[in-house]
Amino acid sequence: MTRSWPWNTASLVGACILSIAAIFSGTLLIENEGAHPQSVPRSSRRSLLGGEPRSLRTSPFHDPRTVDVKDVQIGGVQGLGLYSSPKTSERPTTTRPETFKVVILTMDRLASLKRLVDSLSHPDCAYGGFGMGVDLIFHVDRPKTGKDTAAWMETVRWTVEDVTWPHGSISTLVANENMGLRKAWLEAWHPESDDDRAIILEDDVTVSPLWYRWVNGAYDAYGHDGGRIAGFSLQRQDLVPLQSKRNSGVRVPTNDNEPFLYSLIGSIGFAPNARVWRNFLDWAECAIDNDVDVSVDGLVTSTWCKTLDKRGMWKQHFKYYMNRLGLGCLYHFPKDASKALGVHWREKGEHFATSEGASHDVVTDPGEISNLVFPQDLNSYDFGAAPIKPWSRPATLVVAAAVGYSADVFEIFVGTLRQHYGGDALLIVAKDPPPEILSVLEKNRVFYREYFGDNASGQGVAIWARFNIERFKFYREVCQEYDYCMALDFRDSVFQGDPFGYLRTEPALANSELVTQSHAHIWDFTDNAAGEIKHHIKMIPFCNIPEGLDFKECMTGKPLINAGGFVGRPSAFEKLEKVVNLIAKHGCSDQMAVNIGVHCGLEGLGESSAVPLQGTGHGPINSVGYRSVFTEVGESFGDLDCMPSPVVHQFNLMKVGPHRNPAKEPLFSAGQAVLAQAG
């Protein structure tokens, strides 16, 4: 989730222009790097840690001298080189909350509910083993208007008056109107922190005496891993939802009876990852309000959801959400195929027209589930139950020109960056950066280079325009030793997710040489053109347009590309530098040059890109200013399908609403109050 950030656009722009004017009069560039003290250098990245220095006269971006890694100065402190992700041998840990919540969804199936509570009360559940209280919370839905309420009232009364639970508190919350299964799930649990833990159980489930030890063992081992694991399921999942002739007869693997990840959610005893669940609830609210199509290509469940009552559907939303983020659900199948950690009794109700009985027996022997051992490395399986090859993250770099900004702006950019990204980052900063900026860079393990240049381009806006052109040389130089590079405007960009997450979850974009962002404006060279387009058209007389190029023909009808953010391979940044140097000059901006170059295919731009252009509201970078398209997802900016945009450009031009819309009326009443009202 994003937070509220302080900014003052006018003061920042003014400071920027004044600072750049001063910087261009300098004559020296100094190289510094901020890094994690446990990182491992990439010796091949000569652009950062080695290589022969070039003449200062040829470039304002000085290449570093050749150094021994152990002597590299990191933000003024001795360090070991480039920052990298934590070593695999250093396993992160999680913090246990004070209480674990058991949330039971029920309405009027009292016999089923008693059976579930009996299984939860088994003496071998070992609730004292993890140092947490265990709170039991009944969520009792209300029957639809006109339905008999006798069984429902009996259920409410039993939860309030007859249940004993020595492991923590007991509470009953009764819906003030019929919710349906989807809303019941979406209102079941609202974690307040990433460390919170809970399990959500429908009343026609029973649990193994091992359930509490298994769930909390999984939380201890993987609760920190919200970028990979959506939650933990007691279910012995048997559905392979991917439809194809090749998948006929395929079964969910047992994975040698060790824990594994599967792309399909298991709702029979589901313990969500708190961070994933909280963000999912924000997304689901936006997706439902905007009627987002949550079908996933090829899944039989996508076909089912078109014919089922939407009020009973929540799992398809979660499947879509997991699929977009590349998440898996953790399962653990006992050796005995007839047993499971959680048993579904398949009672008549939302899921079944008639009762079908228990799906399995509960497992009681820890040896059936590898003695509750949770390995660090997990096998993963896709919707077709096929193994997912471990993803080897490519070498990535986030780069930005941060010349002339205050420490507050650095905090916004690098602070949100480090919430979602642990890879390399490099900034151009003003010569002799002040201590407060160096402190931010060191704290967030961000490299920097100091910028210098002469004052040949004049003052103010002219210097700013020159700087925007020269930065493309910097992008090209520093990106050449990486697999992918993201170059962003500094002042008005923030991070809401992994900027390179698309490489894992969106194959078409991952195969692209260059991915751009655009505004909600289309190139039009008539009098009907939008104001922003007309502004750019006025630059054309000042541009060095190649002779014979019919730029109007190749640009008409295409989106206005925003030069404030690109992501791509090193070859793309080489082409961008050539195009910008060819076309841009005083009066013709780098953005205008990029639009001509990409849309007209200069230097091969666009020719080898599978998806060269991302419209507003899509892709890893979303420009939200100038009437562009976005959705509001809690406090985040979302794409058109309500998924929070990994990188938001021009965030300062727009505001988003508060975290989750409050209900107009209370959703629940206390069980005791309902009984008192009923007499």
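Under my numbering, think of the first position of the sequence shown as 29, with each following residue one higher.
A virtual CB, placed ideally from N, CA and C, is assigned to each residue, including glycine.
Only a predicted model underlies this, so the values are computations on that prediction, with no experimental measurement involved.
Q: Spell out a yes or no on whether the stretch 403-414 and the stretch 433-444 are touching, meaning 3 or more CB-CB pairs, one atom from each, closer than 8 Å.
A: No, the stretch 403-414 is not in contact with the stretch 433-444.
Q.
Quick check on this structure: which residue in SER221, GLY254 and CYS314 has the alpha carbon closest to the alpha carbon of GLU660?
A. Nearest C-alpha to GLU660: CYS314.
**Q.** Cβ neighbour criterion (16 or more within 10 Å) applied to ASP526
**A.** Its Cβ being crowded by 16 or more others within 10 Å, ASP526 is buried.
Q.
For the beta strand (DSSP E) containing PHE128, name the first residue and the last one.
A. Start and end: 127-134.
Q) Which residues share a DSSP beta bridge with LYS367? A) According to the DSSP secondary-structure assignment, LYS367 is paired through a beta bridge with ASP389.
Q) Around the C-beta of PRO362, are 16 or more other C-beta atoms found within 10 angstroms, so that it is buried, or is it exposed? A) Answer is buried; the Cβ neighbour count reaches 16.
Q: Going by CA-CA distance only, name the one from VAL188, TYR155 and THR173 that's closest to LYS142.
A: That would be VAL188, whose Cα lies nearest to the Cα of LYS142.
Q | Inter-residue Cα distance where the pair is VAL131 and ALA216 | A | The C-alpha of VAL131 lies about 7 Å from the C-alpha of ALA216.
(Q) Please report the straight-line C-alpha distance between ARG724 and VAL427, rounded to a whole angstrom. (A) Because the chain here runs from 29 to 707, residue 724 falls outside it and cannot be looked at.
Q: Spatial neighbours of SER261 within its chain, please: CB distance less than 6 Å, with the 5 preceding and 5 following residues excluded, ordered by chain position.
A: Taking SER261 as the centre and dropping the five residues before and after it, the same chain places the C-beta of GLY294, PHE298, CYS357 and TYR359 closer than 6 Å to its C-beta, in chain order.
Q) Where does SER708 land, buried or exposed, given buried means 16+ other C-beta within 10 angstroms? A) This structure leaves residue 708 out entirely; the chain is present only between 29 and 707.
**Q.** Whole-angstrom C-beta distance between LEU292 and GLN265, which should lie under 8 Å
**A.** Yes, GLN265 and LEU292 are in contact; Cβ-Cβ is about 6 Å, under 8 Å.
Q: Using a Cβ-Cβ cut-off of 8 Å, state whether GLU464 counts as contacting chain B.
A: This model lacks chain B altogether; it includes just one protein chain.
Q. Which residue's Cα is closest to the Cα of HIS627: PHE579, ASP146 and ASP190?
A. Comparing Cα positions, the closest option is PHE579.
Q) What did DSSP end up calling GLY596 once you bin it into helix, strand or coil? A) If DSSP states are grouped into helix, strand and coil, GLY596 belongs with the strands.
Q) Do the stretch 323-336 and the stretch 250-259 touch if we need at least three Cβ pairs shorter than 8 Å? A) Too few Cβ pairs lie closer than 8 Å, so no.
**Q.** Beta-carbon proximity check, MET207 vs ASP169, cutoff 8 Å
**A.** Yes.
**Q.** Straight-line Cα distance separating ALA548 from PHE658
**A.** Going from the Cα of PHE658 to the Cα of ALA548 covers about 10 Å.
**Q.** Beta-bridge pairing of THR234 - partner residues as DSSP gives them
**A.** Answer by DSSP bridge pairing, in chain order: VAL371.
(Q) Applying the 10 Å Cβ sphere with the 16-neighbour rule, what's the burial state of SER272? (A) Of the other Cβ atoms in all chains shown, fewer than 16 fall within 10 Å of the Cβ of SER272; this residue is therefore exposed.
**Q.** Candidates VAL324, PRO300, GLY593 and ASP146: closest to GLN545 by CA position
**A.** Comparing alpha carbon positions, the residue from VAL324, PRO300, GLY593 and ASP146 closest to GLN545 is GLY593.
**Q.** Nearest candidate by alpha-carbon position, reference LYS613, set SER673, TRP492, HIS388 and ALA704
**A.** Among SER673, TRP492, HIS388 and ALA704, the Cα nearest to that of LYS613 is on TRP492.
Q: Pull up the DSSP beta-bridge partners for LYS606, would you.
A: Residue pairing by DSSP leaves LYS606 without any beta bridge partner.
Q. What number of angstroms, rounded off, separates the C-alpha of LEU604 from the C-alpha of ARG597?
A. C-alpha of LEU604 to C-alpha of ARG597: approximately 11 Å in a straight line.
Q | Alpha-carbon spacing of PRO394 relative to ARG303, whole angstroms | A | ARG303 has its alpha-carbon roughly 29 Å from the corresponding atom of PRO394.
Q. Is the Cβ-Cβ distance between ARG225 and TYR250 less than 8 Å?
A. No. Outside cutoff.
Q.
Could you check whether LEU406 and PRO287 sit closer than 8 Å to each other, using their CB atoms as the reference points?
A. Cβ atoms of PRO287 and LEU406: closer than 8 Å.
Q) Rounded to a whole number of angstroms, what is the C-alpha to C-alpha distance between GLY486 and MET567? A) Bear in mind that a pLDDT of 39 at GLY486, under 50, signals an unreliable position, so the number given afterwards is only what the model happens to contain. Looking at the two C-alpha atoms, the distance is approximately 19 Å.
Q: Would you list the residues sitting across from ARG225 in a DSSP beta bridge?
A: Beta-bridge annotation (DSSP): ARG225 is paired with PHE128.
Q) Roughly how many angstroms lie between the CA atoms of SER697 and GLN404, to the nearest whole one? A) C-alpha separation (whole angstroms): 43 Å.
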